[in-house]
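S.K.:
Residue numbers (our numbering), protein chains in the order written: chain A, 7 to 513; chain B, 1100 to 1190.
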């Protein structure tokens, strides 16, 4: 490994590039604030007017987190090329498919009845405050630890790639504060417009980074030949213990199907202007996901032969190590920009979503507030939650990190309920509540080690919990009174007018 | 295909999802990781398979959109949006 120079973060050029990046964000946020009207709908939902590019970029940029470049590359370092299919393979199809399966029907109801969040959609269909509150509680319960972990991951990545020049705590604080500077004044419009900028930025830099490293390492074929000669196990999935078929199958139920359940993703789907916008997003998604995770996989595997010997979580630093070891110092700054853009485009969406959920679904149903006041409440809650999340990220309490470890699984097991309520006329509030509570309790018992491992039949706990949700929804709904016909007609009668046309609308 | 009813269209979309799920969990193809030549001289089968899978996923989503994703009839959302009775639990 040849070290070609120190990180130039504190050089005039490096500081100027970072300053220009922050200024662009602030200008976008400032313009977003000027055009955002002070209504709940405009502040939290951008007036439900997002076009195809805006919806696609905000969903994609929100979906891609520090894990993509840091954690996934580190995993690929050990697991080899098979890490690509394991982590993102099924997501490439099922994530856009769930945008159709769940997203479109929810979007239709949002346009028709004004719903914006899952508590509103699913509580609204069943006309049940209990369902609404359960959705709210579970979404916040899993989102907050996930948000804290995102801040921790972003802070660590920022600190690592600046080679320690920016320590962890100011790095985490900078990420949160800069996100707030454009999110507080401009709401969703601020996060979406900056997502377009940041999404384009990290995609361009990651592609350039790939080709710069290819050049530095002697070309595509030379690197692959070296891997085949020195670490052939990285070429074959069957030789990686991490990719055992039971794990592979189980993982299909965690990472991939959880995405549409994330409230920050769901709400962005609801903000699309038209059906056509959502259709186009589902067609753009597979290639974009395949590209960014493909780059991360290649960097991780190449790192295994170019910088061998990293043990455990040390491999999470493989991308910064490749940059500092093989590229000019300017790349350190570009790498830092890429990490910041990836991290911030997720964290700002999560922060705004938490404020949205609390304002709309926890405060508004109980305290009558005007649309202008709702925006003010939203801004105050946004700042308070950000401060709290930052403090927790700095303290890193074990309990929060333990919940975050299975937050993805927690989101995944809510999917059967969302599908059931949107597609099955017989689903009622009792079945829905039971199917939200029981699998969540079981998931905790399995992940916290209270139930023995054999009770999951050798699979990850999310798999039995997922099927338990299906069985519970069906059994409890059938054993309890059916929903009133008029109540279901409001949803299914409306769906019939859309889906039972003679000619489906094409692109 | 446009003559299919809504249930059949949803069934077709679900069948497409099932096929994609099976193609992802295609453990019987893993033996080709060691046998297949590198695509373009640098992509092993375990990687290039998912490049192909991404292309297939785009086609599959195109099929889902064409078969099972109707736009709302003109005027339906606009006309009835005024029925909205507030945010919350559908009251």
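From the three backbone atoms N, C-alpha and C, an ideal C-beta is built for every residue, glycine too.
Note that the structure is a prediction, hence the values are computed from the model and not measured.
At the 8 Å Cβ level, is residue 265 (chain A) part of the contact set with chain B, yes or no?
M.R.: The residue you call residue 265 (chain A) lines up with position 259 of the first chain. Closer than 8 Å: no.
S.K.: For residue 56 (chain A), does the three-state DSSP call read helix, strand or coil?
M.R.: Start at 1 with the first residue of the first chain, and residue 56 (chain A) comes out as number 50. Three-state result, residue 56 (chain A): strand.
S.K.: Determine which residues share a DSSP beta bridge with residue 1138 (chain B) and list them.
M.R.: Looking up residue 1138 (chain B) in the second chain gives position 39. Answer is B:1142, bridged to residue 1138 (chain B).
S.K.: Assign residue 486 (chain A) to one of two classes, buried (16 or more other C-beta atoms within 10 Å of its C-beta) or exposed (fewer than that).
M.R.: In the first chain, residue 486 (chain A) corresponds to position 480, counting from 1. Exposed, because fewer than 16 other Cβ atoms sit within 10 Å of the Cβ of residue 486 (chain A).
S.K.: Count the CB pairs spanning the stretch 154-173 of chain A and the stretch 340-347 of chain A that are closer than 8 Å, and state whether there are at least three.
M.R.: Segments in contact, yes.
S.K.: With residue 158 (chain A) and residue 182 (chain A) assumed to form a contact (beta carbons below 8 Å), what rounded beta-carbon distance in angstroms separates them?
M.R.: Position 152 of the first chain holds residue 158 (chain A). Position 176 of the first chain holds residue 182 (chain A). Going by Cβ atoms, the distance from residue 158 (chain A) to residue 182 (chain A) rounds to 11 Å, so no, they are not a contact pair.
S.K.: Check whether the Cβ of residue 1176 (chain B) lies closer than 8 Å to any Cβ atom in chain D.
M.R.: Reference to chain D is not applicable here, since the protein chains of this structure are A and B.
S.K.: Using only alpha-carbon positions, find the residue among A:104, A:17, A:50 and A:87 that is nearest to residue 421 (chain A).
M.R.: As a working mapping, residue 421 (chain A) is identified with position 415 in the first chain. Answer by Cα proximity: A:104.
S.K.: Does residue 206 (chain A) come out as helix, strand or coil in the three-state DSSP assignment?
M.R.: Counting from one through the first chain, the residue named residue 206 (chain A) turns up at place 200. Helix.
S.K.: Rounded to whole angstroms, what's the CA-CA distance from residue 1182 (chain B) to residue 47 (chain A)? Just pull it up for me.
M.R.: Working through the second chain from its first residue, we reach residue 1182 (chain B) at position 83. Working through the first chain from its first residue, we reach residue 47 (chain A) at position 41. Reliability fails at residue 1182 (chain B), whose pLDDT of 43 lies under 50, so the model's placement of it is uncertain and the value that follows must be treated cautiously. So the two alpha carbons sit approximately 16 Å from each other.
S.K.: Going by beta-carbon coordinates alone, are residue 1152 (chain B) and residue 1122 (chain B) separated by less than 8 Å?
M.R.: Looking up residue 1152 (chain B) in the second chain gives position 53. Looking up residue 1122 (chain B) in the second chain gives position 23. Yes, they are a contact pair.
S.K.: Which runs of the alpha helix (DSSP H) at least 4 residues long sit entirely within the stretch 420-457 of chain A? Give them in chain order.
M.R.: Runs found: 421-429 and 435-453.
S.K.: Chain A beta carbons: is any one of them nearer than 8 Å to that of residue 1136 (chain B)?
M.R.: Walking along the second chain from the start, residue 1136 (chain B) turns up at place 37. So no, residue 1136 (chain B) is outside the interface.
S.K.: Could you pull out every residue in the same chain whose Cβ sits closer than 7 Å to the Cβ of residue 504 (chain A), ignoring the five residues on either side in sequence?
M.R.: Counting from 1 along the first chain, the entry for residue 504 (chain A) is found at position 498. Cβ neighbours of residue 504 (chain A) beyond the five flanking positions: 114.
S.K.: Determine, using beta carbons only, whether residue 49 (chain A) and residue 384 (chain A) come nearer to each other than 8 Å.
M.R.: In the first chain, the residue the question calls residue 49 (chain A) occupies position 43. In the first chain, the residue the question calls residue 384 (chain A) occupies position 378. Cβ atoms of residue 49 (chain A) and residue 384 (chain A): closer than 8 Å.
S.K.: Could you tell me which chain A residues have their CB closer than 9 Å to the CB of residue 1116 (chain B), listed as they occur along the chain?
M.R.: As a first step, residue 1116 (chain B) must be located in the second chain, where it is residue number 17. Chain A residues near residue 1116 (chain B): 99, 100, 103 and 107.
S.K.: Using the three-state DSSP reduction, which class does residue 278 (chain A) fall into: helix, strand or coil?
M.R.: As a first step, residue 278 (chain A) is located in the first chain; it is residue number 272 there, counting from the start. The answer is strand: DSSP assigns residue 278 (chain A) an E or B state.
S.K.: Let me confirm a value: residue 123 (chain A) is counted as buried when at least 16 other C-beta atoms fall within 10 Å, else exposed. Which label applies?
M.R.: Locating residue 123 (chain A) in the first chain gives position 117, where the first residue counts as 1. Buried, because 16 or more other Cβ atoms sit within 10 Å of the Cβ of residue 123 (chain A).
S.K.: Given a cut-off of 8 Å on the beta-carbon distance, is the pair residue 119 (chain A) and residue 130 (chain A) in contact?
M.R.: Locating residue 119 (chain A) in the first chain gives position 113, where the first residue counts as 1. Locating residue 130 (chain A) in the first chain gives position 124, where the first residue counts as 1. For residue 119 (chain A) and residue 130 (chain A), yes; Cβs fall inside 8 Å.
S.K.: Hey, is residue 296 (chain A) close to the ligand NAD, as in C-beta under 7 Å from one of its heavy atoms?
M.R.: Among the ligands in the structure shown, none appear at all, so the ligand NAD cannot be discussed.
S.K.: With a cut-off of 8 Å, does the C-beta of residue 1262 (chain B) fall near any C-beta of chain A?
M.R.: The structure shown does not extend to residue 1262 (chain B), since chain B spans only 1100 to 1190, so no value can be given for it.
S.K.: Can we say the stretch 431-446 of chain A touches the stretch 471-490 of chain A, given the rule of at least three CB pairs closer than 8 Å?
M.R.: Touching, yes.
S.K.: Beta carbon of residue 329 (chain A), beta carbon of residue 341 (chain A): below 8 Å?
M.R.: Here the question's residue 329 (chain A) lines up with position 323 in the first chain. Here the question's residue 341 (chain A) lines up with position 335 in the first chain. Against a cut-off of 8 Å, the Cβ pair of residue 341 (chain A) and residue 329 (chain A) comes out as a contact.
S.K.: Which residue marks the beginning of the alpha helix (DSSP H) containing residue 356 (chain A), and which one marks its end?
M.R.: As a first step, residue 356 (chain A) is located in the first chain; it is residue number 350 there, counting from the start. Start and end: 335-363.
S.K.: What does residue 506 (chain A) reach in chain B if we use C-beta pairs closer than 8 Å?
M.R.: As a working mapping, residue 506 (chain A) is identified with position 500 in the first chain. Near residue 506 (chain A) (Cβ distances below 8 Å), the residues of chain B are 1104 and 1105.
S.K.: Rounded to the nearest angstrom, how far is the Cβ of residue 471 (chain A) from that of residue 419 (chain A), given a contact under 8 Å?
M.R.: Here residue 471 (chain A) is taken as the residue at index 465 of the first chain, counted from 1. Here residue 419 (chain A) is taken as the residue at index 413 of the first chain, counted from 1. Between residue 419 (chain A) and residue 471 (chain A) the Cβ distance is about 5 Å, and since that is below 8 Å, they are a contact.
S.K.: Could you round the C-beta distance between residue 424 (chain A) and residue 267 (chain A) to whole angstroms and report it? I think they count as a contact, below 8 Å.
M.R.: For the purposes of this step, residue 424 (chain A) is identified with residue 418 of the first chain, where counting begins at 1. For the purposes of this step, residue 267 (chain A) is identified with residue 261 of the first chain, where counting begins at 1. At roughly 7 Å, the Cβ-Cβ gap stays under 8 Å, so residue 424 (chain A) and residue 267 (chain A) are in contact.
S.K.: If you follow the alpha helix (DSSP H) that residue 1 (chain A) is part of, which residue opens it and which one closes it?
M.R.: As shown, chain A starts at 7 and ends at 513. That puts residue 1 (chain A) outside it, with no answer to give.
S.K.: Given that a residue counts as buried once 16 or more other Cβ atoms are within 10 Å of its Cβ, and exposed if not, what is residue 372 (chain A)?
M.R.: Locating residue 372 (chain A) in the first chain gives position 366, where the first residue counts as 1. Its Cβ having fewer than 16 others within 10 Å, residue 372 (chain A) is exposed.
S.K.: Leaving out the 5 sequence neighbours to the left and right, which residues in its chain are closer than 6 Å to residue 153 (chain A) when beta-carbon positions are compared?
M.R.: Within the first chain, the letter at position 147 stands for residue 153 (chain A). 356 and 395.
S.K.: From A:277, A:278, A:291 and A:44, pick the residue whose C-alpha is nearest to that of residue 262 (chain A); which is it?
M.R.: Working through the first chain from its first residue, we reach residue 262 (chain A) at position 256. Selected option, being the one with the closest Cα: A:291.
S.K.: Compare the Cα-Cα distances from residue 246 (chain A) to each of B:1125, B:1150, B:1134 and B:1145 and report the closest residue.
M.R.: Within the first chain, the letter at position 240 stands for residue 246 (chain A). Cα-wise, what sits closest to residue 246 (chain A) is B:1145.
S.K.: Could you check what DSSP says for residue 466 (chain A) in three-state terms: helix, strand or coil?
M.R.: Along the first chain, read from residue 1 onward, the residue named residue 466 (chain A) stands at position 460. Coil.
S.K.: Count the other CB atoms within 10 Å of the CB of residue 310 (chain A); is the residue buried (16 or more) or exposed (fewer)?
M.R.: Here residue 310 (chain A) refers to the residue found at position 304 of the first chain. By the 10 Å Cβ count, residue 310 (chain A) comes out buried.
S.K.: Taking just the CA atoms, how far does residue 80 (chain A) sit from residue 363 (chain A)?
M.R.: What you label residue 363 (chain A) is simply residue 357 of the first chain in a count that begins at 1. What you label residue 80 (chain A) is simply residue 74 of the first chain in a count that begins at 1. Distance between the alpha carbons of residue 363 (chain A) and residue 80 (chain A): 34 Å.
S.K.: Quick one: using the 10 Å Cβ neighbour count with 16 as the cut-off for buried, is residue 456 (chain A) buried or exposed?
M.R.: Position 450 of the first chain, counting from 1, holds the residue named residue 456 (chain A). Per the 10 Å Cβ criterion, exposed.
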